Amino acid sequence: MPSGASTLVGALELRLTRFRIMLTCHQVLTTLGDPRRQDFLTMAHKSMKARAELLEGVDRDAFLSNVPTNRAIGEAWQSMQQATN
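Using this note's numbering, the letters of the sequence shown correspond one by one to residues 13 to 97.
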């Protein structure tokens, strides 16, 4: 793999790991009934959406729908929004 592609893959893996950590924190805090759970979910959702905005069309859709962590963040966000409305 060329050096530039390797760097890109590494950066994407790091970003996805960060999303996974924020989602895991949200899940643990939810289990504990800790109100900070919303803060972690909000951070995860904002970060994920900001990254998605850099993509177009099918790439954006795939990033949001086909990556399990991103899909879970989106579903948790929707649930939280429905619960607060």
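Even for Gly, the Cβ is constructed at its ideal location relative to N, Cα and C. All figures in this text were calculated on a predicted structure; none of them were measured in a lab.
CA-CA distance, residue i and residue j?
{"i": "residue 90", "j": "residue 97", "result": "11 Å"}
{"i": "residue 62", "j": "residue 82", "result": "12 Å"}
{"i": "residue 42", "j": "residue 87", "result": "14 Å"}
{"i": "residue 114", "j": "residue 65", "result": "Because the chain spans 13 through 97 in this model, residue 114 falls outside it and cannot be assessed."}
Is it right to say residue i is buried, meaning 16 or more other beta carbons lie within 10 angstroms of its own, or is it exposed?
{"i": "residue 74", "result": "exposed"}
{"i": "residue 33", "result": "exposed"}
{"i": "residue 95", "result": "exposed"}
{"i": "residue 35", "result": "buried"}
Sorted by chain position, which residues of the same chain lie with C-beta nearer than 7 Å to residue i's C-beta, five sequence neighbours on each side aside?
{"i": "residue 57", "result": "85, 89"}
{"i": "residue 77", "result": "83"}
{"i": "residue 49", "result": "38, 41, 42"}
Among residues of its own chain, excluding the 5 on either side of residue i, which ones have a beta-carbon nearer than 8 Å to its beta-carbon?
{"i": "residue 80", "result": "none"}
For residue i, which residues of its own chain have a beta-carbon under 6 Å away from its beta-carbon, when the five flanking residues on both sides are left out?
{"i": "residue 14", "result": "Residue confidence is low: residue 14 scores 46 on pLDDT, short of 50, so the model does not pin down where it sits. No coordinate-derived value is stated."}
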